[in-house]
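Using this note's numbering, the letters of the sequence shown map in sequence onto residues 533 to 908.
For every residue, glycine included, the Cβ atom is placed at its ideal position computed from N, Cα and C.
Report on the following structure.
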Amino acid sequence: MPNIHPKTTPIYQTSVFTFDDLNELELYFGQPGQSYMYTRYGNPNTDELAQEVNKLESGVGAVVTSSGMSAILAAILAVCQAGDHVLCAEEIYGGSSALLTQELTRVGIEVSFVPTADTYTLDSYVRPNTRLMLAETMSNPLLQVLDIARLAQETSRQSIKLVIDNTFASPILTKPLTLGADIVIHSVTKYLSGHSDVTAGVVICRAQEVLQRVQKVMMVYGLNLSPFEGWLAARGLKTLRLRMKQHSSNGLQVARYLQQHPKVEKVWYPGLEEHPQHELAKQQGQGLFGGMLSFRIKDEAEAVNRFMQALPTVPFAPSLAGVNTSISHPLGTSHRSLTPEQQQKLGITVGVIRFSTGIEELEELIAELETALAVV
533 MPNIHPKTTP IYQTSVFTFD DLNELELYFG QPGQSYMYTR YGNPNTDELA
583 QEVNKLESGV GAVVTSSGMS AILAAILAVC QAGDHVLCAE EIYGGSSALL
633 TQELTRVGIE VSFVPTADTY TLDSYVRPNT RLMLAETMSN PLLQVLDIAR
683 LAQETSRQSI KLVIDNTFAS PILTKPLTLG ADIVIHSVTK YLSGHSDVTA
733 GVVICRAQEV LQRVQKVMMV YGLNLSPFEG WLAARGLKTL RLRMKQHSSN
783 GLQVARYLQQ HPKVEKVWYP GLEEHPQHEL AKQQGQGLFG GMLSFRIKDE
833 AEAVNRFMQA LPTVPFAPSL AGVNTSISHP LGTSHRSLTP EQQQKLGITV
883 GVIRFSTGIE ELEELIAELE TALAVV
């Protein structure tokens with residue numbers, strides 16, 4: 533066979549790799565990373581994705597997983613065991629909350645939620661068995677911006693790990709490991725892949741020993757990503773920097789448009805000067821604020837339905853961060869599992885709509901919103 537030098541990595545769509553003999557098998561175990569045996573343990577496509585994301589996040593290494601949820605699970609199980617205690621920011625993705633309160637408590641991990649006002653003073657929440665705190669760079673869905681360096685100082689003082697979900701920001705805006713976080717996770721499904729055709733996650737670590745634990749959890753629990761998904765995500769990642777600039781540009785202009793519209797009662801977007809963490813977001817995000825925003829129209833289900841039905845091309849889809857704009861309804865989707873009291877406390881009401889700004893022409897997006905808001 534002639535020498536083949538592909539410009540892009542081919543898809544290694546295989547479940548297993550072969551060895552010539554026992555000597556080669558021993559080399560696999562004696563020199564990790566030099567060859568492959570079983571795709572659940574590692575594959576060139578998923579390794580390429582992990583390496584590229586790790587470069588962007590400035591870690592010591594990364595592990596890719598089958599979804600954003602499995603990335604959160606791997607990160608927590610790498611640090612915690614039965615009898616341990618976990619802290620979690622009060623405003624967080626509903627799926628993260630459900631994982632902690634409905635599943636990890638079943639295997640003996642205790643969970644406490646930290647109110648936003650107490651985020652940086654954890655003395656009354658940390659216990660002798662507390663191992664980590666989970667928080668988001670920008671909270672889902674109301675875009676509260678976390679001062680990562682400040683929280684990292686506090687978690688370091690408390691001798692607990694800081695795990696940051698950086699999905700909404702992406703490493704183009706913020707690199708939490710450089711600000712003191714111990715572990716960063718992403719739903720690769722969102723901005724990193726970027727085209728709404730992949731389900732994947734990734735965990736990036738600051739310390740080698742934590743990375744090795746995450747790798748072990750991924751392998752033993754079978755949280756691995758398929759080769760084809762890894763290849764697709766690595767392909768999407770190549771345009772991340774360009775996409776984030778356009779997402780951010782469109783997001784800011786859409787937020788400004790919504791802010792002045794009489795049918796819109798409130799807009800949550802860090803790029804607006806009225807946002808309580810605007811200056812922090814500007815500094816921590818390198819002058820970019822991302823493509824995610826939320827806004828509230830009247831708190832009536834029928835008004836929300838009319839708005840959704842009047843959008844000519846923007847779909848109602850319970851995900852985010854694709855190149856095409858989409859909307860979601862946090863009360864009915866991402867935060868459905870929260871109690872009514874929790875939803876009310878966070879301000880997640882029926883009129884709140886999450887808007888994932890795509891990279892289309894801005895004039896098209898504004899025109900669509902104008903049409904839909906006219907019928908609210």
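Any chance the segment 628 to 648 sits against the segment 582 to 592, with 3 or more Cβ pairs inside 8 Å?
-> Taking 8 Å as the limit for Cβ pairs, the verdict is that the segment 582 to 592 does not touch the segment 628 to 648.
How about G817 and L705: are their beta carbons less than 8 Å apart?
-> yes
If you count every other CB in all the chains shown that lies within 10 Å of the CB of N577, and 16 or more means buried, which is it?
-> buried
Could you spell out where the alpha helix (DSSP H) holding K693 opens and where it closes?
-> Per DSSP, K693 belongs to no alpha helix (DSSP H); it is in the beta strand (DSSP E), K693 to D697.
Could you have a look at A904 and say whether DSSP puts it in helix, strand or coil?
-> Three-state result, A904: helix.
When DSSP labels each residue in this structure, what does V730 get in the three-state scheme?
-> coil
Using a beta-carbon distance below 8 Å, is W800 in contact with chain C?
-> Going by chain labels, chain C is absent from the structure shown, which holds only one protein chain.
Count the other CB atoms within 10 Å of the CB of S758; is the residue buried (16 or more) or exposed (fewer)?
-> buried
For Q785, which option in I604, S888, M569 and T637 has the closest C-alpha, if you only look at C-alpha atoms?
-> S888
Ranges of the beta strand (DSSP E) found wholly within the segment 734 to 814, counting only runs of at least 3 = 798 to 800
Does the Cβ of S860 have 16 or more other Cβ atoms within 10 Å, making it buried, or fewer, making it exposed?
-> Buried, by the Cβ-count rule.
Close-in-space but distant-in-sequence residues of the same chain around G766 (CB under 8 Å, 5 per side omitted) = Looking at the sequence shown, residue 766 is not Gly but Ala. Contacts found: T541, N577, E580, L581 and E584.
Through-space distance from T662 to L694, alpha-carbon basis | 11 Å
How far does the alpha helix (DSSP H) with G593 in it reach, from first residue to last?
-> Premise fails: G593 lies in the beta strand (DSSP E), G593 to T597, not in any alpha helix (DSSP H).
Can you check whether the CB of I604 is closer than 8 Å to the CB of L664?
-> Pairing L664 with I604 gives a Cβ-Cβ distance that is not under 8 Å.
Where A667 sits in the DSSP three-state scheme = Under the three-state reduction of DSSP, A667 is assigned to strand.
So A621 is in the alpha helix (DSSP H); what residue range does that whole segment cover?
-> It is not in any alpha helix (DSSP H) - A621 instead sits in the beta strand (DSSP E) that spans H617 to A621.
Among the residues of its own chain, which have a CB less than 8 Å from the CB of G879, if the five just before and after it don't count?
-> L674, listed in sequence order.
For T857, which residues from the same chain have a beta carbon less than 7 Å from its beta carbon, with the 5 sequence-adjacent residues on both sides left out?
-> V846, S888, T889, G890, E892 and L897
Look at the alpha carbon of I736 and the alpha carbon of I696, and state the distance between them as a whole number of angstroms.
-> 10 Å
Among L559, L557, A906 and S656, nearest to P794 - alpha-carbon criterion = A906
Following the continuous alpha helix (DSSP H) through S628, name the residue where it begins and the one where it ends.
-> G626 to A630
Alpha-carbon spacing of E668 relative to E902, whole angstroms | Using only the alpha carbons, I get a separation of about 31 Å.
Would E622 pass as a contact of V595 if the rule is Cβ separation under 8 Å?
-> no
Name the DSSP beta bridge partners of T662, please?
-> H617
Determine the direct distance from the alpha carbon of R738 to that of A732, and round the result to whole angstroms.
-> Rounded to whole angstroms, the separation of the alpha carbons of R738 and A732 is 21 Å.
Hey, quick one: how far does the beta strand (DSSP E) through F827 stretch, first residue to last?
-> M824 to R828
Sort L557, Q563, R689 and G883 by Cα distance to E834 and report the nearest one.
-> G883
Specify the secondary structure class of F549 as computed by DSSP and reduced to three states.
-> coil
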